[in-house]
Amino acid sequence: MEQKILTLAAEKTADKLREFLQTLKEDDLTDLLQKQAVKGKGAGALLRAIFKGSPCSEEAGARRRCRIYTSCIQLVESGDLQKEVASEIIGLLMLEAHHFPGQLLVELANEFVGGVKEGRLVNGKSLELLPIILTALSTKKENLAYEKGELSGEECKKHLINILCSGRWDQQYVIQLTSMFKDVPLTAEEVEFVVEKVLRMLSKLNLQEIPPLVYQLLVLSSKGSRKSVLEGIIAFFNELDKQHNEEQSGDELLDLVTVPSGELRHVEGTIILHIVFAIQLDCELGRELLKQLKARQQGDSNNNLCPFSIALLLSVTRIQRFEEQVFDLLKTSVIKSFKDRQLLQGSKFLQNLIPHRPCVSTMILEVVKNSVHSWDHAIQGLVQLGFILMDSYGPRKILDRKTIETNPGLSRMPNQQACKLGANILLETFKIHEMIRQEILEQVLNRVVTRASSPISHFLDLLSNIIMYAPLVLQSCSSKVTETFDYLSFLPLQTVQGLLKAVQPLLKVSMSMRDSLILVLRKAMFASQLDARKSAVAGFLLLLKNFKVLGSLSSSQCSQSIGVTQVHVDVHSRYNSVANETFCLEIMDSLRRCLGQQADVRLMLYEGFYDVLRRNSKLANSIMQILLSQLKQFYEPKPDLLPPLKFEACILTQGDQICLQEPLDHLLCCIQHCLAWYKSKVISLQQGDEEEEEGFYQDLDDMLESITNRMIKSELEDFELDKSTDFSQSTDIGIKNNICAFLVMGVCEVLIEYNFSISNFSKSKFEEVLSLFMCYKKLSDILNEKAGKGKNKMANKTNDSFLSMKFVSDLLTALFRVLLWRYTSIPTSVEESGKKEKGKSISLLCLEGLQKIFSAVQQFYQPKIQQFLRALDVTDKEGEDADVSVTQRAAFQIRQFQRSLLNLLSIQEDDFNSKEALLLVTVLSSLSKLLEPSSPQFVQMLSWTSKICKENSQEDASFCKSLMNLLFSLHVLCKSPVTLLRDLSQDIHGQLGDIDQDVEVEKTNHFAMVNLRTAAPTVCLLVLSQAEKVLEEVDWLITKLKGQVSQETLLEEASSQATPPNHPAEKAIIIQLGTLLTFFHELVQTALPSGSCVDTLLRDLCKMYTILTALVRYYLQVCRSARGIPKNMEKLVKLSGSHLTPLCYCFISYVQNKKSKILKYTGEKKKEKTAAVATTMAKVLRETKPIPNLIFAIEQYEKFLIHLSKRSKVNLMQHMKLSTSRDFKIKGNILDTVLREDGEDENEEGTASEHKGQNKEPAKKKRKKEMKCLS
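Here it is in structure tokens:
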């Protein structure tokens, strides 16, 4: 039978073949085909022959074909066929599918769909045929019977795809089914069906099956639904990451962790590569990714990004057309995230509404950590992002060429945090990826060298951290560092010092690098530029500090803080120490030559020798001999000669220029410090075998003692300095006298410290110290007096003190407890007035000292606050240290200062010391920052501050401002201050009266601190600034909600579910604005004095209406979905229409009337005081400038209210009065009258006006005209 079919098929006509096939039973034919296929011989030829004899034009032939198709599909799925045979059969079936009539195509397609839904597929090979069948079906234009009705081919295809996507898919065929759809012509709606189905299947697949499925999804996205594909993939991996992190951080056993970390990261890396490759082929996919993330950024940057999406974006930066856009997006997200966090930290109101989410910075650093799993495609992007953040948000140069550096107080600012994040990204990437290290180091060094005029401390810090992490590893990059040394002579001194300090660990492990540096420094030592020579000195001093000579004290003995993780062992330790001695002595010879150079170079040497001595004690003799020989040049050896030093020789006169040649004060300071250190550290360790050396140091002691005695005996006349001396900066003699005076004062300071350090608290030495201080004070007073009289205020600039921190700390340690006890025991009021000196009282000085210490500790020594507070607590027992928190210790100190303030406030108004009260409040403000906001101590502090403000009516403005600021700073950390603002506005209204003089305002007395003296401008400006902050928070919340509502709208459209309930933030916003509205309701009725209060109120009203407009626009968005307007929003609109807008117009009239009166008054006085008139006019114009902005803001609000009324079907305008007509028409009759009046005025003016003020008069008249027309 098989042979006959093939023979008949070989004939030219198919008639006989057709007749023969009609005689056969269908089962026989399918059995024959099955046998041939299993044997693997001639199945293809037999199938071709059957198709030839079964034309689709005949019903029987078409039916036979359909039966054969069904049989072949089952056969291919059975898995009994060889791979080649199965492929041949499928290929033939594909070729013939287009000849089928539509009805049979529907049947075949239904067979496939049923097989997929019921799980009848065995190997899925036959699925290759389904796209051909569906494509063929979509081309059929005629109506086909489908289920109980008739549909076109296209509609049938759509229905079949819908059924297929809503049914169950076997896990092993998901990839094949997804791949199949790429060959089917699909509408946008059909693509969406398929994409949603495939995305739902992601979570049901094994991790290793996901990359090929995502690849097929991305291919499919070229047909549409790019947004859904990207959103789905990012959301899936974000959720997977969250689950993985929870599993790792939870208490589950390790074997319960579903996915190994490395495997997950590798899969994510593969997915990211697939997406980047797809974006390279389809730019629309990249645009959609950026568009989607930018749109979400408007709402919440933390919710918008996740580690996976950040890694994806960083990988996309490899595509040039998207690079700049991606970095802009990431940069904006980072800074927005830090700003949001700053806003949240300062507001309990926002903290209660916004759930805590991980910061973008945490996510980026997580990407750095994950990149260890072969994420090479993201590494370059990470490095670029790190440098972009450091370049964009690093310290900035300000006008006087100083830089705004990052300190602990500023480090909480968003810009500084972004810069620090950039440095952390680069440091962590450097640690993980060896291949990128060279590039990071090169870029950092390039910035250090090329940005000499800009602040680069952040890059130097990064360089230091990189080198500290791995100095041995960086030996491979030593050529780049050595190349950088060649530019040292051209770099600013500060940069050179930072750079050399950073590379110091490298110098210890690389001899060649050290030798290169020494060559560069020796050249620089003889350079013509002063900065180059200073850089050389700085470099040599650093080398002396860090290359220790054998026998020097250990780092523990000399408080040396150098230690690098990889530089603990030196193979040739003894040899190196001996070699170091020769090396260091060579450097000392080079430095000795510096003593013949300018004062700046010598000064650097003197300032650096003390550090060298402490780190490298074996160089003490060499250093002290240099210093001694230098001092002898200026020392008068005769014991009775006054003054004891040759101050004249320290000053150099070259032609017209007079300058300092020898900084004698710095020389003495260096000697004093070196001597004190040597006595305390070295001599105490010696065994008496170096008597000669001890004698050498005794000579120095004797010289300093002699200088002290003779300086005390010297009068100002001995220095040729007294009250009659010329100190002006404009004459040569004046400049010389100034330099000499500062030298004498510096020497006095050095000697004060020297004598204090050797005094052992003896009375005679303290008398000497006081005598030296009196000499210093006399000169200081004369200089201040002369500077005060002179026009050149720069002369008043004081030099830095020579008193060391150790001296100050020793002195304060001795005095501090005395000061604390004295202040808390003897307040200012008890001090005898006869003992007060001119200036501040002792108690006030004590308090000022305390306040400065508290603020310094908080700003610069945050980690040591606990230790500091423990040291203050005299009742503290060592065993109780661990149990007492910072909050409890701070609260103990707060109670003492609260008592002091209460005592001060109980004094009569006339004796009230406002300076002391102000300092006390400042101390309380500093200490209150240490309290935990959730602690009972914080609540007590808030209630106490509130009580003080309510019960005390001090009229001192600065005290009132300070106390109210403290109240607000505490209040915002507990709850929103809007009710507080409302109460204060009522008090201000009561104190200042109403804009309508006929209305008598009932005085409220919520806060006694608000009185006639303090209500305006002090309290008024304070409450307005707080209202601005509240408005800023509300605006931030509305922006966040707008971003969320757009996402909710999309989800609702997609899901067609019931509308979600109102967001809790909406209710909070409306309550905030409602309370603020009552606050402004009071202030716009208040007769505020002209000036900053009126100006600020008008601007804040404008902001209020702008934010009300933003809320209305938000509800316009909300109304697009099925949600309506909440009732409390209607109440807010009603309140604004009845209680604010009409009063705003009354207030504007009040301001303009005041302006008219002032202009009229100044017009009468214009001939007398032209300058005063001009000032007054400018002030009036400045105050009225915000009025047009406010009117525009009100009109915008009303305009959008009309739109919202139409969309929501709620009449929101029923409570709004029609605004006053402000079309400013020119009324002819009034204009004629004004012109006639002005003409008469001009005639009366006479000829005098022609001689003066010709250009000014018309301008004033014009302003008069305008005012009359407006009225």
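Throughout the sequence shown, residue numbering follows the working numbering, covering 234 to 1504 in sequence. Each residue gets a CB set at the ideal place from its N, CA and C atoms; glycine is no exception. This structure is a prediction, so every number in the text was calculated from the model and none was measured.
Inset, instruction - Decide yes or no for the touch test of the region 1327-1339 against the region 1224-1236: beta carbon pairs closer than 8 Å, at least 3 of them. - result: no
Inset, instruction - Answer yes or no: do A342 and L308 have a C-beta to C-beta separation smaller than 8 Å? - result: no
Legend entry - Outcome for I466 when other beta-carbon atoms lying within 10 angstroms are tallied against a minimum of 16: buried
Inset, instruction - On a CA-only basis, which of I396, E442, Q404, E387 is nearest L419? Give me that one, please. - result: E387
Legend entry - Beta-carbon contacts of L435 that lie in its chain and below 6 Å, excluding the five residues immediately before and after: F469
Legend entry - Status (buried if at least 16 other CB within 10 Å, exposed otherwise) for L824: buried
Inset, instruction - Taking only the alpha-carbon atoms, compute the straight-line gap between L1274 and A1298 and give it to the nearest angstrom. - result: 8 Å
Legend entry - Inter-residue spacing [alpha-carbon to alpha-carbon] between P1096 and V1172: 25 Å
Inset, instruction - Under 8 Å by Cβ, that's how I've got S461 and E422 pegged, so tell me the actual separation to the nearest angstrom. - result: S461 to E422, Cβ: 12 Å. No contact.
Inset, instruction - Assign N1032 to buried or exposed, taking buried as 16 or more other Cβ atoms, counted over all protein chains shown, within 10 Å of its Cβ. - result: exposed
Legend entry - Cβ shell of L1152 (< 7 Å), same chain only, five flanking positions each side left out: L1080, E1081, Q1084
Inset, instruction - Could you tell me whether the region 763-783 touches the region 849-858, using the rule of 3 or more Cβ pairs below 8 Å? - result: yes
Inset, instruction - Identify every residue that forms a DSSP beta bridge with I972. - result: For I972, which the question treats as bridged, DSSP gives no partner whatsoever.
Legend entry - Span of the alpha helix (DSSP H) around T886: Looking at the DSSP string, T886 is not in any alpha helix (DSSP H); the run it does join, the beta strand (DSSP E), is 884-887.
Inset, instruction - Work out the CA separation of N603 and Q481 for me, nearest whole Å. - result: 14 Å
Inset, instruction - Name the one or two DSSP bridge partners that T1319 has. - result: D1227
Legend entry - For C892: DSSP bridge partner residues: L885
Legend entry - C516, buried or exposed, once every other Cβ within 10 Å from all chains shown has been counted against 16: exposed
Inset, instruction - Would you mind working out which of S711, F1201, V1366 sits nearest L1511, comparing C-alpha positions? - result: Nothing in the structure corresponds to residue 1511, since the chain is present only between 234 and 1504.
Legend entry - CB contact flag (H1314, H1372, <8 Å): yes
Legend entry - Closest residue to Q617 among L696, S580, T662, A769 (Cα-Cα distance): T662
Legend entry - For Y868, the residue or residues it bridges with in DSSP: L878
Legend entry - Which of helix, strand or coil DSSP assigns to E1428: helix
Inset, instruction - State yes or no: is the C-beta of Q858 within less than 8 Å of the C-beta of L828? - result: no
Legend entry - Pairwise C-alpha distance: F1192 and A1150: 7 Å
Legend entry - Stretch-stretch touch, CB-based, cutoff 8 Å, three pairs: the region 748-755 with the region 715-723: yes
Inset, instruction - Could you say if the region 1181-1195 and the region 1242-1254 meet the contact criterion of at least three C-beta pairs nearer than 8 Å? - result: yes
Legend entry - Reference Y1378, options Q1318, L1138, R1346, I1340, closest by Cα: Q1318
Inset, instruction - Pick out whichever of K1162, K781, M944 has its Cα sitting closest to the Cα of K1088. - result: The sequence as given places Ser at residue 1088; Lys does not occur at that position. Among K1162, K781, M944, the Cα nearest to that of S1088 belongs to K1162.
Inset, instruction - Enumerate, from N- to C-terminal direction, the unbroken alpha helix (DSSP H) stretches of 4 or more residues contained entirely within the region 1197-1250. - result: 1211-1225
Inset, instruction - Give the straight-line distance between the Cα atoms of S607 and K572, rounded to the nearest whole angstrom. - result: 33 Å
Legend entry - Bounding residues of the alpha helix (DSSP H) (the contiguous stretch that carries K524): 516-530
Inset, instruction - Can you say whether G731 is buried or exposed, counting buried as having 16 or more other CB atoms within 10 angstroms of its CB? - result: buried
Inset, instruction - Return the chain-ordered list of same chain residues with a C-beta closer than 7 Å to the C-beta of A1320, the five sequence neighbours on each side being excluded. - result: L1225, G1226, D1227, I1228
Inset, instruction - For D416, collect the residues of the same chain with a Cβ closer than 6 Å to its Cβ; drop the 5 residues on either side in sequence, then sort them by chain order. - result: P364
Legend entry - Length of the line joining the Cα atoms of E556 and V601: 19 Å
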